[in-house]
Structures are given as C-alpha cells and as structure tokens.
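Just so you know, the protein sequences line up as chains H and S, in that order.
The numbers in the first sequence follow the working numbering, run straight up by one, and end at 1472.
The numbers in the second sequence follow the working numbering, run straight up by one, and end at 1472.
For glycine and all other residues, C-beta sits at the position ideal for the given N, C-alpha and C.
There are 2 protein chains.
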Amino acid sequence: MIGKVKVGGFSPISVQSMTTTRTDDVKATVEEIKKLISAGCDIVRLGIPDTLSAEAIKEIKKYVDIPLVADIHFDYRLALKAVDSGIDALRINPGNLRNVREVREVARACRGKNIPIRIGVNGGSLDKRKYPHPTAEALCDSAMGHINLLENEGFRDIKVSLKSSDVKVMVEANRIFSERNDYPLHLGVTEAGGYEQALIKGSAGIGSLLLDGIGDTIRFSITSDPVKEVVAARTLLRVLGLRREGIEIISCPICARHEFNVEKVVDELTRKTKRFKKYMKVAVMGCVVNGPGEAMESDIGIAVGARGAVLFKKGSLIRKVSKENILKVLLREIELFQNEKDFSGRN
Amino acid sequence: MIGKVKVGGFSPISVQSMTTTRTDDVKATVEEIKKLISAGCDIVRLGIPDTLSAEAIKEIKKYVDIPLVADIHFDYRLALKAVDSGIDALRINPGNLRNVREVREVARACRGKNIPIRIGVNGGSLDKRKYPHPTAEALCDSAMGHINLLENEGFRDIKVSLKSSDVKVMVEANRIFSERNDYPLHLGVTEAGGYEQALIKGSAGIGSLLLDGIGDTIRFSITSDPVKEVVAARTLLRVLGLRREGIEIISCPICARHEFNVEKVVDELTRKTKRFKKYMKVAVMGCVVNGPGEAMESDIGIAVGARGAVLFKKGSLIRKVSKENILKVLLREIELFQNEKDFSGRN
C-alpha cells in the first residue's frame, strides 16, 4: 500500500508522475498535484532536495488526497525528515545512498510507520566504482544490494525500479529481476527525451514488459509537462487492456482510398471525449477495406464508403449517416453509451 | 528484394509508409513520395483502388527511385495491371481476394518478373464467414491459407503481415507465426488512431516484437501526415539500437531539482538537428542526480548543477559551460561530431 493505493499482486497497474515545482513552494506544488490528479495520476512523487522541501510535505498533504512519494538522493536525513512530515512512501537511490548505517536508519523509521520504500536504481546514478557501465546485470545487482540491506533489517515493504535511458537495457534488467524476485516493480524508461521520442521509448520499454505480465506501477518520463506523462501512461494501459477506462479510437491511416477527412474527425473526437471514463472502442474508418470489420468489433463505429457512411453499434449495422454528420452522430452515440448502465451496475 | 531494398535475414529493418493522395494524381503522388523519401522512408505503398491508379504506377516510377508496393483489395485484375506497370511488389489481402484461381494467376504474373508478394492479413478484413472474430490464431490461419496457395504455385517470394488494431492480438499473432514460419514479417499495429495514441500503440506492439528479434520491416499507422509515420518508425529503430542513424537525445523529465529549462533546449535541439545522419547520443541533463552519469555514457553531454553546467565528450569531462550557452555549445559540438570521420571511413 502506498497510502490508499495498492501496488503489486492483482491490483490494477497504477500511474505515477512527478511534480516540477520547487516542493517548498506549497501553493505551486499543490496546484500541480491537482492537475496530475485530474489527468488520472494515482501516485505523485516529489523531489526532496533540501530540508525545507521535506518539511513542506506536511503542509502539502493538507490540500491533496493522493499518495505522495519523497524522492531522496544523497542525504538520508531528508528521508527521515520526510517520514516525520507524513510522507506515504520513500524512493531511495542505491547509487547515492550507500552508507549501510544510514540506510538501516531509514528502514527503521519507515517500519515504525508502515511506509514502503522504493529502491530506485537508475543507469545514470549507479555507483561508478562498482559498476563501470550501466548494464542490465549492474542495475539488478545494485538493487539486490539494497534489498539485502533492508531485508537484514526485517524490512520487506519494498518496491523496485530498474531504469535506464536505454530501452533494451531497461527491458532486460526488469526481465532478469522479475525471474529472480517477487517484489513489485515500478517501470520506466528514464531520461527518455522530448515528447515524441519519450512516448516511443516509454511505450516500447514499459509496453513490452507489461505485455509479458511484468510491472505493477508505471511512469513515463517526458521532458515536458508531467500531465503529458500521466495521459501517456493511461493511454498505454488502456490500449494494452490493463485499465478499462476511457475511449480507444480505432481509425485508419489516410490513404488513396479515403472517402472523408478521418484526421479531422479523430482529432475533434479525441479532444471532446477526454472527460468520459467508461471504457469503449470507437471506430472511425475511412474506407470499405477494413471499415466494416473494425466498426463491427467496436462499441460504436462509423465506416465510410463511396455511397456514404454507416453506423454500427455493438456489432450491428444500425443505419446510414450523411458524411457531414459523422462527428455529431459519433459524439451523441458516445454520450449515450457513457450514460448507459451496464449489467454490473457500474456507470 | 523489394526493388533495391533487401527485406529479411540480416538486412536492416526497413521503414514503410503509404501515400494519401489519389494514386492517379501523379504529380501529387510523386510530391508526397519525395517527402516520404526525405523523411527516411525505404519502401512506399500506394493504394490501387482502380485501373487508372494501376496505370499511373508507370508514370510515377519515372520520377522517384524508391521501391513501390501496390496495395490490392477485392480485384485481382488490378494486381495484374500493377505488375504490367512495373510495380516492385504487391500486397494482397487474403480477406478479400479469396478466389483460388485468381490468386494463382497473380502468383504466376509475379513469378515471371521476380515481384514479391506480401500477404497482408488484417483483423478488420478477415473473411467473416471463416473467422467470426479477429483473434491471433485467426490472423495466422488466414495467412497460412494464402501461403499454401502461393507455395502450391511454386511461389515463395513471400512476406507476411499480421495486423490488428489490438496491440495484444498483433503481438501474439506475430509471435505464433514466427515460431512456425521463416517468412519475413512486416510489422504494424493497424488503425492505431490519432498521433499520440498511434505512437503509443505502434511503439508497444512493434517495439516489443523487435526487442525479441521478430520483424523485418515496419510501418506505423497514424491517422495523419504519413511523414509522421516515417519519423516515428525511424525513431523507434534508433532507440532500440536497430538503425544506428540520427540523434538520440537523453534528457530528464522536469522535477524540483531542475536547474535550467531542459524542455526548451531539447525542443530546439530536436528541431535543429533533424538533418544529421550519423548516430550519436546527446545528453541534456538538468541536475546532479543522473546528470554526470548519463552525460558520461553519451557522445556529447551537458549536466547542469547549482554551480553551472559541464560539458562531457565521449566519457570525459571537458569544461564548464555557462547556462546561457548550453544550446549553442551543444549545437557546435554535435556539428563537430557529425563532421568527424570515424575509423570506418564513413562520415
């Protein structure tokens, strides 16, 4: 448990991100956390570079109801201070918190308050003296060192992350680790770069592990607004079938066969349906090749041909739709679907 | 061989995309192909919905020097016409070209001219009478049916694609197929939707297969400008270490520790270095936690701390850089690196 959120086992894969504000600027930090919550973040991490930041946690927690994780580097006293301030979890970095006595002291403080610790190994901050290069084995070995330290204190409320900016190394490290250990894994490709590249690296790395059933909580790392990290993470979980929430749009690339402006409809649809929570597939298909097939497999689908568009609902052809009305009809049908109660009584 | 491009075996993973113009509009089609070539496309597919489009291939080939694939659905005579017009390869769809005699005739025409055929199976256009739902096994089975048809004609110049708009189905289908067959695989998550979702679905699906050594040529499907498909595909290959070309930027997400505007520098850098071909890693790191480590593992790296920035080259600390000059210094160093001849004599 990280605060109220369960991580590991059969609990849903949770989404994490990190604030960009100075943590001791409580007002700005609370505002950013609220934005992350609105976007669907489950757990928020805060950088704790100094005492003022560690002390600010107490104040921040008055205004937001989401588990907070303190990101600790170099100085174990900041970890102790964060624990005092009511933090829900710690992230410590074996690469820069190497003093055995200090790590033990942190473990004892956490055990007293049921605060879990993430051992957050990162290729860029491995102990260079022990590991000249950040290989997959080096990442695993570094994590195991700290796991042993904590286990020797009887502390087992542990989560592990093995991050690298190299997708292959990150995937390999997590595969190796998960074969040898049962601790929950926090997945991320770190320092993944600007928006597009980061989406690609994160999806390939995190996605391929999730497809193999590895990973319990995820963070996209993007050099940009962290709200984008949350949206990307939720989209990945949705398209992998791991969080049945929100709208997945099935739409064709544009080709010589397209019969209307698919891109415009998809863009508008994406923008106007962000608020919907119930999972559904919506197909917007521009031609007769895959159109009817995809539309039939979706909850709501439009397939367009030379003679006009047809609307499908849950596998059945409903009626013709004029091309000008496609967006309007789709929005109305999505709204209807979202307001329908399903048999489980959920909305 | 698809024209001059080798697909399969140990040849580099090639990048494909598809034109969005009417194929019989030769001027517009040639213009778009040239844009795709500039973006790094290796193979271009053209929709051939009618006779005029099939005939236009001859004219288009006069203006562009890239292998062209004709996308054929429903009507085998368009395949024969495309072969006559000098197409480099065909894509046929077992879901809508089911007449055995017709498929045989296409195979004979292709064999005479050494034209390979892609059997392009797609969840949305499976034969509904045989396969009520587009499962991974259904995709494989549909491909095997057409492989057998072609093999019975002595035709083995075959490539296969098993596409689904469901990432899990697509990954599973390709895994199953690659265990049973040696034919080269063209990978893609189809109808992947608008830009962001398509990047995420494509990277997760294509990426996880490539990480396991499955796949020979790839296409991102994006409901947008196909140039974006090419850029995404090349970025994925680059970050997976499969095409050592272009610049990979390692940059941290923004957090409470950041000491300068990483996002702005990364955006500018991405924009201004698109033209460079030689592979390199450039680290732009905003703090001291992972900064020096990542900078040291990169060809060029900047790590910023409270006391200013430092420049690293190939693992060595070179000198201090003032924060205002970070972008300028990086651009100059990248340019120098790009103009350096490496030991292989390549530039």
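Around the C-beta of residue i, are 16 or more other C-beta atoms found within 10 angstroms, so that it is buried, or is it exposed?
i, result
"Arg1457 (chain S)", "exposed"
"Ile1138 (chain S)", "buried"
"Asn1464 (chain H)", "exposed"
"Arg1432 (chain H)", "exposed"
"Leu1461 (chain S)", "exposed"
"Ser1469 (chain S)", "Unreliable placement is indicated for Ser1469 (chain S), whose pLDDT of 49 sits below 50; the coordinate value is still reported in the next sentence. The residue in question, Ser1469 (chain S), is exposed, as its Cβ has fewer than 16 Cβ neighbours within 10 Å."
"Asp1109 (chain H)", "No information on residue 1109 (chain H) is available, as it lies outside the stretch 1126 to 1472 that chain H covers here."
"His1198 (chain H)", "buried"
"Arg1368 (chain S)", "buried"
"Arg1363 (chain S)", "buried"
"Arg1471 (chain S)", "Any reading at Arg1471 (chain S) must be qualified, since the residue scores a pLDDT of 42, below 50, and its modelled position is unreliable; the value itself is stated next. Exposed: under 16 other Cβ atoms inside 10 Å."
"Gly1313 (chain H)", "buried"
"Asn1277 (chain S)", "exposed"
"Lys1326 (chain S)", "buried"
"Thr1176 (chain S)", "exposed"
"Val1446 (chain H)", "buried"
"Asp1350 (chain H)", "buried"
"Gly1319 (chain H)", "buried"
"Glu1262 (chain S)", "exposed"
"Gly1338 (chain S)", "exposed"
"Val1155 (chain S)", "buried"
"Gly1417 (chain S)", "It should be noted that the sequence gives Pro, not Gly, for residue 1417 (chain S). By the neighbour-count rule (16 or more Cβ atoms within 10 Å), Pro1417 (chain S) is buried."
"Pro1257 (chain H)", "exposed"
"Gly1134 (chain H)", "exposed"
"Asn1450 (chain H)", "exposed"
"Val1225 (chain S)", "exposed"
Report the neighbours of residue i on chain H: residues whose CB is nearer than 8 Å to its CB, in chain order.
i, result
"Lys1183 (chain S)", "Result: empty, since nearest Cβ-Cβ is about 16 Å, beyond 8 Å."
"Lys1293 (chain S)", "Leu1336, Leu1365, Gly1366"
"Ala1357 (chain S)", "Glu1321, Ile1325"
Would you mind giving the Cβ-Cβ distance between residue i and residue j, rounded to the nearest angstrom? I have them listed as a contact below 8 Å.
i, j, result
"Cys1166 (chain S)", "Ile1182 (chain S)", "The pair is not a contact, with the Cβ atoms about 17 Å apart (cut-off 8 Å)."
"Pro1241 (chain H)", "Ile1127 (chain H)", "6 Å"
"Val1246 (chain S)", "Leu1205 (chain S)", "About 21 Å; that fails the 8 Å criterion."
"Val1407 (chain S)", "Leu1455 (chain S)", "7 Å"
Would residue i and residue j be called neighbours here (beta carbons separated by less than 7 Å)?
i, j, result
"Leu1171 (chain S)", "Thr1145 (chain S)", "no"
"Phe1401 (chain H)", "Ile1372 (chain H)", "yes"
"Ala1214 (chain H)", "Val1189 (chain H)", "no"
"Glu1419 (chain S)", "Ile1459 (chain S)", "no"
"Leu1287 (chain H)", "Leu1251 (chain H)", "no"
"Leu1203 (chain S)", "Ala1234 (chain S)", "no"
"Ile1283 (chain S)", "Leu1275 (chain S)", "yes"
"Leu1310 (chain H)", "Gly1270 (chain H)", "no"
"Val1391 (chain H)", "Val1409 (chain H)", "yes"
"Leu1336 (chain H)", "Ser1441 (chain S)", "no"
"Ala1164 (chain S)", "Val1355 (chain S)", "yes"
"Val1285 (chain H)", "Ile1244 (chain H)", "yes"
"Ala1358 (chain S)", "Val1140 (chain S)", "yes"
"Ala1268 (chain H)", "Val1292 (chain H)", "no"
"Glu1384 (chain H)", "Gly1366 (chain H)", "no"
"Pro1174 (chain H)", "Arg1305 (chain S)", "no"
Name the chain S residues whose beta carbon is nearer than 9 Å to that of residue i?
i, result
"Asp1392 (chain H)", "Gly1319, Tyr1320, Thr1348, Ser1349"
"Thr1360 (chain H)", "Glu1321, Gln1322, Ile1325, Lys1326"
Using the beta-carbon of each residue, which ones in chain A are nearer than 7 Å to residue i?
i, result
"His1198 (chain S)", "Of the protein chains in the structure, H and S, none is chain A."
Could you list which residues in chain H have their beta carbon closer than 7 Å to that of residue i, in chain order?
i, result
"Gly1172 (chain S)", "Cys1380, Ala1381, Arg1382"
"Leu1264 (chain S)", "Under the 7 Å cutoff, chain H gives no residues; its nearest Cβ is about 12 Å from Leu1264 (chain S)."
Regarding residue i and the ligand ATP, is the C-beta to nearest heavy atom distance less than 6 Å?
i, result
"Arg1202 (chain H)", "With respect to small molecules bound, the structure shown includes none, and the ligand ATP cannot be examined in it."
In chain S, what lies closer than 8 Å to residue i by C-beta?
i, result
"Glu1354 (chain H)", "Pro1378"
Cβ closer than 7 Å: which chain S residues qualify as neighbours of residue i?
i, result
"Ile1374 (chain H)", "Gly1318, Gly1319, Gln1322"
"Val1296 (chain H)", "Leu1336"
"Met1126 (chain H)", "Per Cβ cutoff of 7 Å: no residues; Met1126 (chain H) is ~24 Å from chain S at best."
Just the chain H side, please: which residues come within less than 9 Å of residue i by C-beta, in chain order?
i, result
"Glu1422 (chain S)", "Gly1248, Gly1249, His1258, Pro1259, Ser1290, Asp1291"
"Ser1178 (chain S)", "Ala1381"
"Gly1418 (chain S)", "Gly1220, Asn1247, Gly1248, Gly1249, Ser1250, Leu1251, Lys1253, Pro1259"
Quiz prompt | Interfacial residues, the segment 1128-1159 of chain S to chain H, with Cβ spacing under 7 Å | solution = Met1143, Thr1144, Thr1145, Thr1146, Arg1147, Thr1148
Practice problem: Taking a Cβ distance cut-off of 9 Å, strictly less, list which residues of the segment 1234-1262 of chain S are near chain H, in chain order. | Solution: Asn1247, Gly1248, Gly1249, Ser1250, Leu1251, Lys1253, His1258, Pro1259
Quiz item: Listed in chain order, which residues of the segment 1266-1284 of chain H have Cβ atoms closer than 7 Å to some Cβ of chain S?
Solution: none
Self-check item: Residues in the segment 1317-1331 of chain H having any Cβ partner in chain S nearer than 7 Å
Solution: Under the 7 Å Cβ criterion, the segment 1317-1331 of chain H contributes Gly1318, Gly1319, Glu1321, Gln1322, Leu1324, Ile1325, Lys1326, Ser1328, Ala1329.
Quiz prompt | Members of the segment 1380-1406 of chain S near chain H, C-beta cut-off 8 Å | solution = Cys1380, Ala1381, Arg1382, His1383, Val1387, Glu1388, Val1391, Asp1392, Thr1395
Quiz item: Between the segment 1208-1231 of chain H and chain S, which residues of the former have CB atoms less than 9 Å from a CB of the latter, in chain order?
Solution: Asn1218, Gly1220, Asn1221
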